[in-house]
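Reviewing the structure listed below.
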Amino acid sequence: MSSRLARFAAITALAFVLSRLLGLVRDQVIAWRFGDTNQFDAYVLAFQIPDTLFILVSGGALGTAFIPVFTGLLHSGDEEAAWRMAYGVMVVLGAGLVALIAVTWIFAPALMAEGLARRDAPETRTLATGLMRVLLFSPLLLAMGSIATAILQSFDQFGVAAFAPAAYNVGIIGGALFIAPLFPDGYGMYGVATGVLVGTFFFLALQLPLTLRLGLRRFSTAPLRDPNVRTTLRLLFPRILGQSAIQISTLITFFLAAGLAENGPTAYRLAFTLFVLPVGLFATSVGTVAFPSMSREAEEADTATFSYLLRRSMRAILFFVLPGSVGLALLRLPITKLIYQHGEFSAQGTELTANTLAYFCLGMWAYALLDIVPRAFYAMQDTRTPVLIALGVVVLDVALSFLLGRLIGLGGLALAFAIASMVQVIALLFALNHRTGFTLDPNTLRFGLKAAAATMVMAATVLLAGPLWRGYQTLGTVELLLRLGAVISAAAAIYLLVSLLLKQEEVGTLRRIVRR
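Quick note: the sequence shown, position 99, residue 100 per the numbering used here, numbers continuous.
Following this line, the structure appears as structure tokens:
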């Protein structure tokens, strides 16, 4: 990774650290106030439909379709066309979301009672329906904020865009702490849902001023007549199709989780939150920063530089995610207890969440690479290939979820997710090789062997430090925090030391970032 990209990645990583930590605090506060109860289950289930609407219209798909077209227009010098396209996309997606929100509001009871929450108690279904109707307003603000994020990233303005999600989490935390107590017993989750709306408003509001200063403005032309808007929507449609399939798989997963264990949706959601922490810290930050540069190299048809950026980005991700996944799997029980087991959250909830997390960790390396490998196709304005692969993987995920859920329980759903992620990233690399000739060169393969060796030494360090953390259930919060901090610090130091002795280039890059 170049020093410029590394600097941007460091800034973005810092923002992701803040956002992910706030995400953990958010779930900690909700778990502390409501515990692993039907209220938390209702909140988790209510979130799924608004999330689906957001993903249907924009979601994670938006930037990958928007940025290549927008940066291409800027690169060609036609700035007015770029801004006209940006405004047109906002209008079209906003109108589509408003229509979907209205229809979903009307059919909300049926969606819960006959679908997602059918396996839950009647009071859970009723609460989930009401919460969903409140949360339905959030996708519109999130979609507009996502367009602002894509614009800022196209101008290499990563700071504001990266820190905006933190405001979203602050809103939810405020809702749980200060608004929820205003509601009667049994209805406190409406305060959390209100906090979600506050957070989504600030997610947009923080990014909008800089976006307007850069040049975003209103145009009077009909958006769908703009060929660049149509190009963006054409690129977006396959991504929406793929994301929709993934979201349907997620809905099925939560439906199955409700029947596999008491408070299964809550445990699955909390385990996934812990799982994505290292992914968001390292993989998402690298992928976010590298994508605009990859788009520019693809626009200039510089295959060598394009492949170099992709390889270095993959290496940077794996350098941190490999030891992170192993360490999180080994320390899953004390970490889960430290983070969630407070207030109304039970020891049984800790064990169920931690055991689910262990299965997720098996596929962390693959899930992390899915933050960068599909972007190689999007940078070439090819959204079709990743979507076709994703559709096949979704079918595999659903089939494995039914099978492994019966054999293993809730952890089987996480294992199905991990296996599907591995299959997806391997299929994408084969497709990329067929498309561009991209290969994992000998340097990358040597890097992988060295990273695996350093990770094994790190894992041995964690196991040798077992007496410090194995009695985690009898330890107070402060003592457990200090002991885990010592173990994790020692393991990280050993990993970096072994990597330095093995002459891993990523250690040098990390040192340069720290010095700056």
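Beta carbons: idealized from backbone N, C-alpha and C, even for Gly. From a predicted model like this one, the values you see are computed outputs, not experimental measurements.
Give the DSSP-derived three-state secondary structure of residue i in the structure shown.
i      : result
Phe276 : helix
Ser77  : coil
Gly260 : helix
Phe378 : helix
Arg219 : coil
Lys504 : coil
Arg21  : helix
Glu345 : coil
Tyr188 : coil
Phe418 : helix
Ile373 : coil
Arg471 : coil
Pro110 : helix
Thr478 : helix
Phe156 : coil
Leu237 : helix
Thr357 : helix
Leu137 : coil
Thr105 : helix
Asp227 : coil
Phe439 : coil
Ala16  : helix
Gly175 : helix
To the nearest angstrom, how far is it from the Cα of residue i to the Cα of residue j?
i      : j      : result
Ala342 : Ile373 : The amino acid occupying residue 342 in the given sequence is Gln; Ala does not appear at that position. Distance between the alpha carbons of Gln342 and Ile373 is about 34 Å.
Ser326 : Ala359 : 9 Å
Leu331 : Val394 : 28 Å
Leu429 : Ile56  : 21 Å
Met133 : Leu141 : 14 Å
Ile31  : Gly344 : 10 Å
Lys504 : Val99  : 54 Å
Met113 : Thr130 : 6 Å
Phe35  : Phe346 : 8 Å
Pro443 : Arg312 : 11 Å
Pro224 : Tyr88  : 8 Å
Leu136 : His435 : 43 Å
Arg407 : Leu397 : 16 Å
Leu23  : Gly146 : 19 Å
Ile409 : Asp52  : 28 Å
Pro324 : Thr274 : 18 Å
Phe67  : Glu80  : 14 Å
In chain order, what residues of the same chain lie with their CB nearer than 6 Å to the CB of residue i, ignoring the 5 residues before and after it?
i      : result
Thr386 : Phe378, Ala432
Gly216 : Trp84
Below 8 Å CB to CB, which residues in the same chain sit around residue i once its five sequence neighbours on both sides are set aside?
i      : result
Leu411 : Ala258, Leu261, Ala262, Gly265, Ala268, Tyr269, Leu353, Asn356, Thr357
Ile390 : Gln425, Ala428, Leu429, Ala432
Drop a sphere of 10 angstroms on the beta-carbon of residue i, count the other beta-carbons inside from all chains shown, and report buried for 16 or more, exposed for fewer.
i      : result
Asp28  : buried
Ser77  : exposed
Lys338 : buried
Gln248 : buried
Asn229 : buried
Gln425 : buried
Met2   : Interpretation of Met2 is limited by its pLDDT of 48, a score under 50 that renders its predicted location unreliable; the figure taken from the coordinates is listed afterwards. Under this definition Met2 is a buried residue.
Asp37  : buried
Gly1   : Limits of the chain in this structure are 2 at one end and 517 at the other, which puts residue 1 out of reach.
Ala487 : exposed
Ile107 : exposed
Phe361 : buried
Gly438 : exposed
Ala453 : exposed
Pro375 : buried
Candidates the options: which alpha carbon is nearest residue i's?
i      : options                        : result
Phe320 : Glu345, Arg218, Ile174, Gly449 : Gly449
Ala380 : Gly200, Ala83, Thr125, Leu63   : Leu63
Gly350 : Phe403, Asp398, Arg316, Leu271 : Leu271
Ala194 : Phe220, Ser500, Phe41          : Phe41
Val499 : Thr456, Leu476, Arg471         : Thr456
Pro110 : Pro335, Phe238, Leu46          : Leu46
Leu252 : Ile50, Met459, Leu15           : Ile50
Leu446 : Leu404, Ala149, Phe276, Arg316 : Arg316
Ile420 : Gly438, Thr437, Val399         : Val399
Met423 : Leu401, Asp383, Ala367         : Ala367
Ala165 : Phe138, Glu506, Gly200, Pro182 : Gly200
Leu476 : Phe202, Pro335, Arg231, Val277 : Pro335
Asn39  : Ala122, Ala66, Leu101          : Ala122
Arg226 : Leu128, Val90, Pro69           : Val90
So is the beta-carbon of residue i under 7 Å away from any non-hydrogen atom of the ligand MG?
i      : result
Ala194 : No copy of the ligand MG occurs in the structure displayed, which carries no ligand at all.
Identify, in the order they occur along the chain, each residue of the same chain with its Cβ nearer than 7 Å to the Cβ of residue i, setting aside the five sequence neighbours on each side.
i      : result
Thr462 : Ala491, Ala492, Ile495
Val161 : Leu153, Leu207, Gln208, Leu211
Asn388 : The amino acid occupying residue 388 in the given sequence is Val; Asn does not appear at that position. Pro239, Arg240, Leu242, Gly243.
Gln158 : Leu211
For residue i, would you say it is in contact with chain B, using Cβ-to-Cβ distances shorter than 8 Å as the test?
i      : result
Arg447 : You won't find chain B in this structure, because it holds only one protein chain.
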